[in-house]
Amino acid sequence: MRLLVVEDEARLATALQRGLQAEGFVVDLAGTGPEGLDLARHGGYDAMILDVMLPGLSGYRVVRQLRAERHWLPVLMLSAKDGEYDQADGLDCGADDYLTKPFSYVVLLARLRALLRRGAPRRPAVLVAGDLSLDPARRRVTRGGAEVELTAREYALLEYLLRRAGEVVSKTELLDHVWDASVQTAPNAVEVYVGYLRRKIGRDRLETIRGAGYRLMT
1 MRLLVVEDEA RLATALQRGL QAEGFVVDLA GTGPEGLDLA RHGGYDAMIL DVMLPGLSGY
61 RVVRQLRAER HWLPVLMLSA KDGEYDQADG LDCGADDYLT KPFSYVVLLA RLRALLRRGA
121 PRRPAVLVAG DLSLDPARRR VTRGGAEVEL TAREYALLEY LLRRAGEVVS KTELLDHVWD
181 ASVQTAPNAV EVYVGYLRRK IGRDRLETIR GAGYRLMT
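This is how it looks when you write it as structure tokens:
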């Protein structure tokens with residue numbers, strides 16, 4: 001397995017390289033964001049360990065650019081920032097896992113192996129269907145380039161449907177994943193919010209499949 005470690009702290013980068021090589025990995029190092037991005041694009045790696053704070057280009061921007069280019073290299077992000085919003089930002093940008101410094105090498109190795117087992121499925125940072133796009137990191141929805149204002153519930157409904165674009169999604173599934181299971185919800189809530197959403201994204205974009213549910217057209 002070939003790994004790329006993008007880390008500007010030379011001592012940490014070297015320690016990671018030595019430790020991972022001892023585990024049988026082939027490891028290349030990069031010390032800046034632009035260098036890491038270039039190697040990730042063309043190096044044929046199985047996974048990347050990516051620091052957040054890098055010279056030239058942040059780790060967030062590196063992984064966002066890779067996902068924008070439809071490059072699904074598994075990414076384990078490292079950061080001295082341990083706030084929950086920092087971790088959410090990293091995952092929303094397209095990283096697969098996030099580990100805060102200082103970290104246990106044993107835990108890093110276990111998480112890296114888990115990433116390698118999962119492989120590199122598609123996981124775009126921005127969800128797109130036709131001229132409709134949703135950016136989870138920025139919580140921004142556009143249609144034909146124009147921003148669409150949605151309520152929190154409309155946004156959650158659209159995000160779930162976009163993640164299943166082209167598939168039929170039942171009302172029960174939408175209630176389970178978009179509404180709070182601990183709160184009693186009116187039986188017609190899904191129909192009501194589908195109606196709201198249609199008025200904002202276009203009635204032709206969201207198809208009703210009688211007796212089965214709804215399908216967001218791609």
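Using full-length UniProt numbering, read the sequence shown as starting at 1 and increasing by one per residue. Each residue gets a CB set at the ideal place from its N, CA and C atoms; glycine is no exception. No experiment lies behind these values; they were computed from the predicted model shown.
- Counting C-beta pairs closer than 8 Å gives three or more between the segment 91 to 98 and the segment 72 to 80, which meets the contact rule.
- Between the alpha carbons of L161 and R2 lies a distance of about 36 Å.
- In the displayed model, A186 falls within coil according to three-state DSSP, outside both helix and strand.
- Membership of L16 in the alpha helix (DSSP H) is indicated by the continuous run 10 to 22.
- L16 is not a Cβ neighbour of D28, given a cutoff of 9 Å.
- Taken in chain order, the complete alpha helix (DSSP H) segments of 4 or more residues contained in the UniProt domain "OmpR/PhoB-type" (124 to 218) are 152 to 163, 171 to 178, 189 to 201.
- Considering only Y60, L91, R163, H42, the residue with the shortest C-alpha distance to H71 is H42.
- For L76, the three-state secondary structure derived from DSSP is strand.
- The beta carbon of R164 sits closer than 8 Å to the beta carbons of L216 from its chain, once the five residues preceding and following it are set aside; these are given in chain order.
- In this structure V126 is not in contact with L157, their Cβ atoms being roughly 18 Å apart against a cut-off of 8 Å.
- Residue environment for V168: exposed (fewer than 16 other C-beta atoms within 10 angstroms of its C-beta).
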